[in-house]
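For reference, the structure discussed in these notes is given below.
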Amino acid sequence: MKDNVNKQKANEIIHVGFEIGLLLKGIHGLLEIIGSVFLLFLTPNRLNLLTRFLTKHELSEDPRDIVANYLLHVSGSFSISTQHFAVFYLMSHGVIKCILIHLLWKKKLWAYPLAILVLIIFIAYQIYRYTLTQSAFLILLSIFDIIMIALTYLEYKRIKNKSH
Numbered sequence: 000m001k002d003n004v005n006k007q008k009a010n011e012i013i014h015v016g017f018e019i020g021l022l023l024k025g026i027h028g029l030l031e032i033i034g035s036v037f038l039l040f041l042t043p044n045r046l047n048l049l050t051r052f053l054t055k056h057e058l059s060e061d062p063r064d065i066v067a068n069y070l071l072h073v074s075g076s077f078s079i080s081t082q083h084f085a086v087f088y089l090m091s092h093g094v095i096k097c098i099l100i101h102l103l104w105k106k107k108l109w110a111y112p113l114a115i116l117v118l119i120i121f122i123a124y125q126i127y128r129y130t131l132t133q134s135a136f137l138i139l140l141s142i143f144d145i146i147m148i149a150l151t152y153l154e155y156k157r158i159k160n161k162s163h
């Protein structure tokens, strides 16, 4: 009896964690879509103008300001091909994520293994990008994706067991 209660509590915690993870992934997917639309209009020239405008005051006070100079450097290396890649990457990543989340919320059984596969592919790409950029954000995103894989698998098992 006590084992059943503990198992139910564990299942409930996993389910709530899965739902929260889906919500966070959904928000992230929507932000990626919004960001890709924003990037459609942010040409390299516009980014340079915006960056120069935003850093002008800071650089007039301290020409060696690390943050302002870094922003100028990054905006200077933003090219049309970078823009196109970022728009494609963010849009496709966000749309795929939102579709999968919708299917998981609808509890489509076939979507669970598909979501796990897609997350594994995302992690592989994020690790590849990490080797190029050393961005801590990519590591955090990959850790979150690993947690989501575990929660998705456990939720899949829970739903499958309920249907039997």
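Counting from 0, one number per residue, gives the positions in the sequence shown under numbering that gives the first Met the number 0. Glycine included, C-beta positions come from ideal geometry on N, C-alpha and C.
The C-beta distance from T130 to F17 rounds to 30 Å, too long to meet the 8 Å contact threshold. Within the stretch 52-96, the complete alpha helix (DSSP H) segments at least 4 residues long are 65-75, listed from N- to C-terminus. Under the three-pair Cβ rule at 8 Å, the stretch 3-22 does not count as touching the stretch 68-85. Boundaries of the alpha helix (DSSP H) around L131: 110-132. For F87, the closest C-alpha among the options K107, I119, F37 is that of F37.
Spanning the alpha carbons of I148 and G25 requires a straight line of approximately 15 Å.
Per the coordinates, the alpha-carbon of L116 lies some 11 Å from the alpha-carbon of I145. By the CB criterion at 7 Å, K96 and G28 fall inside the cutoff. For L22, the enclosing alpha helix (DSSP H) starts and ends at 1-40.
I100 is not a Cβ neighbour of L23, given a cutoff of 7 Å. K159 carries a helical assignment under DSSP once its states are collapsed to helix, strand and coil. Between the alpha carbons of L46 and P62 lies a gap of roughly 20 Å. Around I19, the same chain offers no residue with a beta carbon nearer than 6 Å, after the five sequence neighbours per side are excluded. F84 and S91 have their C-alpha atoms some 11 Å from each other.
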